[in-house]
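Colleague: Numbering (the numbering used here), first residue to last: 109 to 373.
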Amino acid sequence: MLEVQHLIIALAEPSHVQAQIISRALGEMGITRVETHADGESLLSHARQSRPDLVISAYYLPDMTGQQLLQQMRESTDLSGMPFILVSSETNPERLEPIRQAGSLGILPKPFTSAQLDEALANALDFINTESLAMEVDTDLANVSILIVDDSLTSRRHVRAVLERLGFEHFTEASSGAEALPMLANDSFQLIIIDYHMPGMDGCELARHIRQDGAQGRAPILMITSETDRDRLAEVEAAGVSACCDKPFSTNKLRDTIRELLQEY
109 MLEVQHLIIA LAEPSHVQAQ IISRALGEMG ITRVETHADG ESLLSHARQS RPDLVISAYY
169 LPDMTGQQLL QQMRESTDLS GMPFILVSSE TNPERLEPIR QAGSLGILPK PFTSAQLDEA
229 LANALDFINT ESLAMEVDTD LANVSILIVD DSLTSRRHVR AVLERLGFEH FTEASSGAEA
289 LPMLANDSFQ LIIIDYHMPG MDGCELARHI RQDGAQGRAP ILMITSETDR DRLAEVEAAG
349 VSACCDKPFS TNKLRDTIRE LLQEY
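The following block contains the structure:
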């Protein structure tokens, strides 16, 4: 099991002073292996070679934003599962929400406290050290087919990366409820993971359709959503969603929820 002091971190920070501040804070946590890069492209190139355990980035880089950096990571075949933390003075929700959706394990302000850094690093270690569920459930994970429905590719990639760490192997992805319908008609899934907010048919409507369909009606449905409105969440429950996880989700929370669903269903 990887411990915090053994983390190898790639840091994208154009400011030499800020890079020193962040490196010093990491050093106080016992982390000494920090690769600093002045732009996003340099980090991506080196990450493909050196394979750091964690990427930490500022929001504003000379060649791209932190959001674009994370998006490139999630959409690549070799970096899609690499954990990411943002450190930024940016507070605009419209700019930060896509980073949350893509599974950032922490969004730290500038300046940040040692407690905030410690929490973000703990989230990263939870992700990195996640163990397979194979020994905890009676189900053969190699035979479990999972449908992931989310209009965000970066979000689907992050969810899939966590599921792969849990020991699952077979995935089908859809970018909307409408796209998922023929998949549900033609294939059998043992777990269905859906987002709430999607264009056209939202997650609530999709869940209702699944429950009314005889073929998939008993499959567990897990909704991962940033929705907090109680009335809407009550509607989700009434539609037949088996369980909900916050977005962004805790790796351990998702692991526990999926284990419970597999044991129950």
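All C-beta atoms, glycine included, are put in the ideal place defined by N, C-alpha and C.
Count Cβ pairs between the segment 294 to 301 and the segment 214 to 226 that sit closer than 8 Å; are there 3 or more?
Modeller: The segment 294 to 301, when compared against the segment 214 to 226, does not touch it at the 8 Å Cβ threshold.
Colleague: Give the straight-line distance between the Cα atoms of V142 and A166, rounded to the nearest whole angstrom.
Modeller: If you take the alpha carbons of V142 and A166, they lie about 15 Å apart.
Colleague: Using CA coordinates, which residue listed in L271, V252, E227 is at the minimum distance from T238?
Modeller: Per the Cα distances, L271.
Colleague: Which same chain residues, not among the five before or five after S64, have their C-beta less than 8 Å away from its C-beta?
Modeller: This structure does not reach residue 64, given that the chain is present from 109 up to 373, and the question cannot be answered.
Colleague: Tell me the DSSP secondary structure of V252 in three-state form.
Modeller: Three-state result, V252: coil.
Colleague: So what's A242 in DSSP terms, helix, strand or just coil?
Modeller: In this structure, A242 counts as coil in the three-state DSSP scheme.
Colleague: How big is the Cα-Cα spacing for L330 and L187?
Modeller: Their backbone Cα atoms lie some 26 Å apart in a straight line.
Colleague: Who pairs with M331 in a beta bridge, going by DSSP?
Modeller: In the DSSP output, where bridge partners are listed per residue, M331 has I302, C352.
Colleague: Which residues in the same chain as I116 place their Cβ atom closer than 6 Å to its Cβ, once the five residues preceding and following it in sequence are excluded?
Modeller: Within the same chain, I116 has close Cβ partners R141, P160, D161.
Colleague: Compare the beta carbon distance of D226 and T359 with 9 Å and say whether it is the shorter of the two.
Modeller: The answer is no: Cβ separation not under 9 Å.
Colleague: Pull up the distance between the alpha-carbon of P290 and that of A282, whole angstroms please.
Modeller: Taking the straight line joining both Cα atoms gives about 10 Å.
Colleague: Can you find the residues in the same chain that come closer than 7 Å, C-beta to C-beta, to E343, ignoring five residues on each side of it along the sequence?
Modeller: So the qualifying residues of the chain are C312.
Colleague: Would the segment 145 to 157 count as touching the segment 174 to 186 if we require 3 or more Cβ pairs under 8 Å?
Modeller: Short answer: they touch.
Colleague: Helix or strand or just coil, what does DSSP make of T144?
Modeller: The answer is strand: DSSP assigns T144 an E or B state.
Colleague: Whole angstroms is fine: what's the gap from V112's alpha carbon to N231's?
Modeller: Approximately 11 Å, taken between the alpha carbons.
Colleague: What does F279 pair with, by DSSP beta-bridge criteria?
Modeller: Answer is I254.
Colleague: Since L162 sits in a beta bridge, which residues does DSSP pair it with?
Modeller: The partner list for L162 (beta bridge, DSSP) reads I117.
Colleague: If you compare alpha carbons, which of N251, S131, G348 is closest to V163?
Modeller: For V163, the nearest C-alpha among the options comes from S131.
Colleague: Assuming the contact rule is C-beta atoms closer than 8 Å, S240 and G275 should be a hit. Round their C-beta distance to whole Å, please.
Modeller: Confirmed, about 3 Å.
Colleague: DSSP puts L216 in a beta bridge; with which residues?
Modeller: Beta-bridge pairing links L216 to V195.
Colleague: Which of helix, strand or coil does DSSP assign to T336?
Modeller: Residue state, collapsed to three classes: coil.
Colleague: So what does DSSP say about T173, is it helix, strand or coil?
Modeller: Looking at T173 - three-state DSSP - the assignment turns out to be strand.
Colleague: For G138, which of Q157, L229, Y168, A210 has the nearest alpha-carbon?
Modeller: Taking only the C-alpha atoms, the option nearest G138 is L229.
Colleague: Just tell me which of F279, L292, V267 has its CA closest to the CA of D303.
Modeller: D303 has its Cα closest to that of V267, out of F279, L292, V267.
Colleague: List the whole-angstrom C-beta distance separating I326 from G348, where the pair is believed to meet the contact cut-off of C-beta under 8 Å.
Modeller: Contrary to the premise, residue 326 reads as Arg rather than Ile in this sequence. With a Cβ gap of about 10 Å, R326 and G348 do not count as contacting.
Colleague: According to the Cβ coordinates, are A210 and R273 closer than 9 Å?
Modeller: No, they are not a contact pair.
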